[in-house]
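Colleague: Sending over a structure as structure tokens; questions will come in a sec.
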Amino acid sequence: MPITMDLRQAVIHKMHGKSEDGLREMIDGSIHAQEAALPGLGVVFELMWEDLAEPKKEAVVRKLHHQLEEIDKH
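Next up, the structure:
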């Protein structure tokens, strides 16, 4: 019987065991790639977000807000 994984499990399974360089390559390869890669980046973000202390979360939100303001200027 085949094993069924949801998207989150599949992305984590694909990342598990990769070196730091391998994770970096996977992330870099997903940036500006086909939109099919976006859910995987969401899983990566979720894993990081869950482990961040509140001050780091606030810094990430400020950075994102700043980036979005810059996009609006163009």
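Take the sequence shown: its letters are residues 1 to 74, numbered as in the UniProt record's numbering. A virtual CB, placed ideally from N, CA and C, is assigned to each residue, including glycine. Remember, it's a predicted structure, so these values are computed and weren't measured experimentally.
How close, in whole Å, do the beta carbons of M26 and K18 come, if the pair is a contact with beta carbons under 8 Å?
Modeller: At roughly 7 Å, the Cβ-Cβ gap stays under 8 Å, so M26 and K18 are in contact.
Colleague: Excluding the five sequence neighbours on either side, which residues of its own chain have a C-beta within less than 6 Å of the C-beta of L7, listed in chain order?
Modeller: Excluding positions up to five away in sequence, the list reads P39.
Colleague: Could you have a look at Q34 and say whether DSSP puts it in helix, strand or coil?
Modeller: Here Q34 sits in coil by DSSP.
Colleague: With I3 as the anchor, note down where its alpha helix (DSSP H) starts and where it stops.
Modeller: First-last for I3: undefined, no H or E at that position.
Colleague: Hey, how far is the Cα of Q9 from the Cα of M48?
Modeller: Q9 and M48: Cα-Cα distance of roughly 15 Å.
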